[in-house]
Amino acid sequence: MMVLRLVTILPLACITLYLLAAGCESGTETPADTCPDDPAKSEPGRCGCGIADTDSDGDGTPDCEQAEPFGQWGPAPEAAIRTTIFDEVWLDYRQHYAGFVQSDVDWDLIAADLRPRIEAATTYGEFFRLLRSAFFDLRDAHDVVWSQRICGGSPSLGLPVFWTGHDFAGKELRICLTVLDDDTALVYRASANNPAALEPGDRIVGYDDKDLRQVLNDAMKLPVCGSQPTHRETNDRWLMEAAAANFQLHQTMQVQRLGSPVVASIDTEPLRGAGFDTTFCSTQLAVGVPVPWDALPDAGARPPVTWALLPGTQIGYIYVYAWTGSADTLFLQAVQELWDTTGLIVDFRYNLGGNMFLSFPALQELFNQNIAGVFAVGVRANIDDPYAMNIITNGYGVTVNAQYYDHPIAVLTGTYAVSSGDIVGIYLASHPRARRFGRPSAGSACFDSRTGTLWEHDPYLGDLTVSRTPCIGYGGDGQPVAAGSIEPEQRVWLTPDDVAQGRDTVVQAALDWIQTQ
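Under our numbering, the first residue of the sequence shown is numbered 11, with each subsequent residue one higher.
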């Protein structure tokens, strides 16, 4: 019997990084060995590393693709091992996972449906696909089911894998995209050398003559690598953006150029292998204030917070991308240096979370009354009832100073604010002069005040990792954060015409409001 092990890591939303090996130069260019552990292959081919591209019957289709679905990754472990893994993971969630109250999932029904199918799976890919599918409706960015064998490759290889997550929103195409309300994917940033010649304002409307909603429905039948946020609408946007970004699964891409009624069809084969560049996709456009992760070339030295006056105004602008490292001193410094302004814009549209308490020193400066009851944590009351919760409020109030920032504060929220990126936005939005603009965030707020541990990693077979969170966030209304505490007062998002002109629609709405206060 396998034993679950508890591992403490930073409470950050999970980011999937795809590292592509680069060839070296020594007079001639040597192709990179992308299968370093397979002495028989230097590249995955059609079957993947570790599996021979054998075509026993000579019909042009390798044996691995003629097996049960997703045979590229070899056979499944024996049935007893598969069911043991599923039973242990299922029971661990049944006894300890806190998120059932916000997901409407019947965990017993999932077991009854999936267990016999997992027992019958004959390929490793099908086994992983089924195990991962158990978590679709839990929608928790802190929960990850991961297989290095399946998820550790590059999307450009064209394997039947559906990559999701907030770090996978077009970067393989050297663009950044966001899904609009009409279910098309707007290109809001593009590298000059992007292989599809896409420009800001263009929209990806589908693949292989299917719209993106149909594409997503098909993609969810594949092995899924990546996380999902808790808020139902935000979860749908994450998955739709992934449907638009996973071009390698299709033969043609349908694109509508800005200002043209014509939908062009682009062959995806020449797009493959372009690789990532340094484009940073944060659903934000340049506004004349240094962006944290663009501020310094060294990734290890990039600050989590940057700030400045918006050019031509007396309005302060603060970016916060994570509550880690020196975020406490930087956020406090930003507030202090921008104190004598006519308003503040605090941009949380992309915030990876971390330690929420790093925001408290600056919040103390902004408020003149104690902030209590804004946020609480829910933990399981017992292992037998998935819906019985203990709500912990102690330790989440902010004691404030006598001074008070008596000017309008625009809080920008968006799809890629996760975990503490949700929580601090809720705190700041409780300021009497604050108003939120943008879209709902991920709704995956959580911090385990009892142990300081957010993730529990359960390694299996030396390849699978299953992670869960033992707590959820509650708003001041006594409801889970994902139920509505993250809803902005003014919904507004990027538009094709604005991004084509380099104008940030959300920032403009915030400016218009501040200037009328």
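All C-beta atoms, glycine included, are put in the ideal place defined by N, C-alpha and C. Small disclaimer: the values here were computed from a predicted structure and weren't measured.
Through-space distance from residue j to residue i, alpha-carbon basis
| i | j | result |
| --- | --- | --- |
| Q518 | R478 | 39 Å |
| R223 | G109 | 27 Å |
| R127 | D228 | 19 Å |
| N204 | A337 | 34 Å |
| I482 | A255 | 30 Å |
| V345 | A439 | 15 Å |
| K231 | G383 | 42 Å |
| D416 | G488 | 28 Å |
| S237 | R359 | 18 Å |
| D102 | V476 | 10 Å |
| G322 | E347 | 17 Å |
| V389 | T240 | 16 Å |
| L119 | P314 | 43 Å |
| D473 | L268 | 44 Å |
| K220 | I276 | 13 Å |
| L342 | E375 | 8 Å |
| G163 | D63 | 17 Å |
| E35 | D43 | With a pLDDT of 30 at E35, under the threshold of 50, the predicted position of this residue should be treated as unreliable, and no value is reported. |
| E98 | R513 | 51 Å |
| L340 | G486 | 27 Å |
| T505 | F146 | 30 Å |
| V521 | V434 | For the record, residue 521 in the displayed sequence is Leu; it is not Val. Each residue's alpha carbon lies about 21 Å from the other. |
Three-state class that DSSP yields for residue i in the structure shown
| i | result |
| --- | --- |
| T80 | The sequence shown places Phe at residue 80, rather than the Thr named in the question. Note: F80 maps to coil in three-state DSSP. |
| R110 | According to the sequence shown, residue 110 is Phe rather than Arg. It is helical. |
| Q346 | helix |
| A274 | strand |
| D508 | helix |
| R460 | With a pLDDT of 47 at R460, under the threshold of 50, the predicted position of this residue should be treated as unreliable, though the coordinate-derived value follows. Note: R460 maps to coil in three-state DSSP. |
| E39 | Because E39 sits at a pLDDT of 44, beneath the cut-off of 50, its placement in the model cannot be relied upon, and the point is left open. |
| L306 | With a pLDDT of only 49 at L306, under the threshold of 50, the placement of this residue in the model should not be trusted; the figure read from the coordinates follows. Residue state, collapsed to three classes: coil. |
| A32 | Caution applies to A32, whose pLDDT of 26 falls short of 50 and renders its modelled position unreliable; the model cannot decide the point. |
| F137 | helix |
| I482 | strand |
| I325 | strand |
| K181 | helix |
| S430 | helix |
| V356 | strand |
| L196 | strand |
| D63 | coil |
| Y470 | strand |
| L521 | helix |
| L148 | coil |
| I381 | strand |
| M399 | strand |
| F172 | strand |
| W439 | The amino acid occupying residue 439 in the given sequence is Ala; Trp does not appear at that position. Three-state result, A439: helix. |
Rounded distance between the beta-carbons of residue j and residue i, thought under 8 Å
| i | j | result |
| --- | --- | --- |
| S369 | I436 | Not really, about 11 Å apart at Cβ, beyond 8 Å. |
| W317 | N365 | Not confirmed; about 20 Å, so no contact. |
| I393 | H106 | 7 Å |
| Y217 | M263 | 6 Å |
| N378 | A427 | N378 to A427, Cβ: 26 Å. No contact. |
| T194 | V215 | 5 Å |
| P498 | R446 | 4 Å |
| W173 | A252 | 6 Å |
| V225 | E209 | Not confirmed; about 22 Å, so no contact. |
| P490 | V111 | 6 Å |
Nearest to residue i (by Cα), restricted to the options the options
| i | options | result |
| --- | --- | --- |
| Q500 | R449, P371 and I402 | R449 |
| D508 | A444, H441, V389 and A296 | A296 |
| I524 | Y470, V234 and I419 | I419 |
| A200 | K181, D118, A86 and A122 | K181 |
| P280 | A492, F257, P49 and G407 | F257 |
| A130 | F96, W117, R159 and F146 | F96 |
| T351 | N378, G407, P506 and L320 | L320 |
| C456 | R443, R446, D432 and L183 | D432 |
| V158 | W503, L504, Y470 and A492 | It should be pointed out that residue 158 corresponds to Gln in this sequence rather than to Val. Taking only the C-alpha atoms, the option nearest Q158 is Y470. |
| Q261 | A372, P233, V272 and G168 | G168 |
| C291 | S270, V434, P233 and L362 | L362 |
| D246 | A452, Q294, D116 and W503 | A452 |
| Q294 | Q266, D522, W503 and W248 | W503 |
| S430 | T409, A386 and E53 | A386 |
| V154 | R125, A206, V234 and D114 | V234 |
| V330 | T423, N404, R282 and E243 | T423 |
| L391 | P480, V434, G407 and S52 | Position check: residue 391 holds Ala in this sequence, whereas Leu was assumed. Ranking P480, V434, G407 and S52 by Cα distance to A391 puts P480 first. |
| Y484 | W349, N404, A121 and A510 | N404 |
| G175 | D114, R149 and A206 | R149 |
Any contact of the segment 339–355 with the segment 310–330, i.e. 3+ C-beta pairs under 8 Å?
-> yes
Is the number of C-beta pairs between the segment 288–300 and the segment 399–407 that are closer than 8 Å three or more?
-> no
Any contact of the segment 117–137 with the segment 79–94, i.e. 3+ C-beta pairs under 8 Å?
-> yes
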